[in-house]
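*Asks:* In our numbering, the protein residues as written are 12 to 228.
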Ligand SMILES: Cc1cc2nc3c(=O)[nH]c(=O)nc-3n(C[C@H](O)[C@H](O)[C@H](O)COP(=O)(O)O)c2cc1C
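1. In the DSSP assignment, the beta strand (DSSP E) including residue 172 goes from what residue to what residue?
2. In the DSSP assignment, the beta strand (DSSP E) including residue 180 goes from what residue to what residue?
3. Does DSSP put residue 208 in a helix, in a strand, or in coil?
4. When we look at the beta-carbon of residue 70 and count the other beta-carbons within 10 Å, is it buried (16 or more) or exposed?
5. Starting from the N-terminal side, write out each stretch of the beta strand (DSSP E) that is 3 residues or longer and does not extend beyond the stretch 42-100.
6. With DSSP as the reference, please indicate the residues paired to residue 202 in a beta bridge.
7. Could you check whether the Cβ of residue 215 sits closer than 6 Å to any heavy atom belonging to ligand 1?
8. Can you tell me whether residue 216 is buried or exposed, with buried defined as 16 or more other CB within 10 angstroms of its CB?
9. In the stretch 98-156, which residue ranges form an unbroken beta strand (DSSP E) of at least 3 residues, counting only runs that do not cross its ends?
10. With burial defined as no fewer than 16 other Cβ atoms inside 10 Å of the residue's Cβ, what is the status of residue 167: buried or exposed?
11. Taking the alpha-carbon positions, what's the residue 43 to residue 162 distance?
12. In the DSSP assignment, what are the bridge partners of residue 194?
13. Under 6 Å: does the beta carbon of residue 122 sit that close to some heavy atom of ligand 1?
14. Is residue 174 near ligand 1 - that is, is its Cβ less than 6 Å away from at least one heavy atom of it?
15. In whole angstroms, what separates the C-alpha of residue 14 from that of residue 79?
16. In whole angstroms, what separates the C-alpha of residue 194 from that of residue 140?
17. Any heavy atom of ligand 1 inside 6 Å of the beta-carbon of residue 98?
18. Just to confirm the assignment, what range does the alpha helix (DSSP H) spanning residue 19 have?
19. Between 20, 152, 59, which has its C-alpha nearest residue 188's C-alpha?
Shown next, in the form of structure tokens:
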């Protein structure tokens, strides 16, 4: 598949078929994703690929914690953020509402509980980073995430990055036996998209580059 086609067509998928992903497919995607650049070729990422009953156990634990603690997806310190950023997020997510109405679910519940459940995907990828690395290494993780989402698309799979789960890092680390000195940076829901679900018709818009680029010459 042409790279630009994948870039244009990829979008976050929030309803999956239960079909399991063959191990060779997951290995193929991750092997290609390691071609992502990283500073000094450190390849600082550490991945946990969670499927089957273990993935269900992880989802159950995250859902339980979410219901107890009610920590939602948040962009950061909303009070200090420039309004244009928060407005952009709100506007994007308002566009999701008509699709959720067709599903008969309320937005917050869908996003928060859905994220904890990896939207029903058969596999969850948890990306960790050793806490001795500097904050700058998060850039490398971001690039890897981008590679995984695009490569998965090429393999006919859908993905949704799940940042919400980092709020429940302790639960994840305990359940997956992740060492204390590793930080949980991001999760990825990965699986075959359920194209019968209205939510997978949703596609977010983008602002024009003029809204965030300053040209200096
Ligand atoms: C770092 C990161 C964290 C994200 N966390 C979540 C999440 O917790 N739950 C969710 O439903 N989507 C999450 N997303 C998906 C974004 O909402 C999505 O990428 C954005 O709205 C743009 O839509 P698109 O991916 O369809 O182009 C996350 C995306 C990124 C890059």
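In this text, a Cβ means the ideal position worked out from N, Cα and C, and glycines have one as well.
*Replies:* Well, looking at it:
1. 169-173 is the span of the beta strand (DSSP E), which, as asked, contains residue 172.
2. From DSSP, residue 180 is part of no beta strand (DSSP E) but of the alpha helix (DSSP H) over 180-187.
3. In this structure, residue 208 counts as coil in the three-state DSSP scheme.
4. The C-beta of residue 70 has 16 or more other C-beta atoms within 10 Å across all chains shown, which makes the residue buried.
5. Listed in chain order, they are 56-62.
6. Per DSSP, the beta bridge partners of residue 202 are 169.
7. Within the cutoff, so yes.
8. The residue is exposed, with fewer than 16 neighbouring Cβ atoms inside 10 Å.
9. At a cut-off of 3 residues, the continuous stretches assigned as beta strand (DSSP E) that sit fully inside the stretch 98-156 are 134-141.
10. Per the 10 Å Cβ criterion, exposed.
11. CA-CA distance, residue 43 to residue 162, rounds to 7 Å.
12. Residue 194 pairs with 140.
13. Checking the Cβ of residue 122 against ligand 1 gives yes.
14. Answer for residue 174: yes, Cβ within range of ligand 1.
15. Rounded to whole angstroms, residue 14 to residue 79 spans 42 Å at the Cα level.
16. If I take the Cα positions, the gap works out to 5 Å.
17. For ligand 1, not one heavy atom lies less than 6 Å from the Cβ of residue 98.
18. First-last of the alpha helix (DSSP H) with residue 19: 14-20.
19. When 20, 152, 59 are compared, the shortest CA-CA separation from residue 188 is found for 59.
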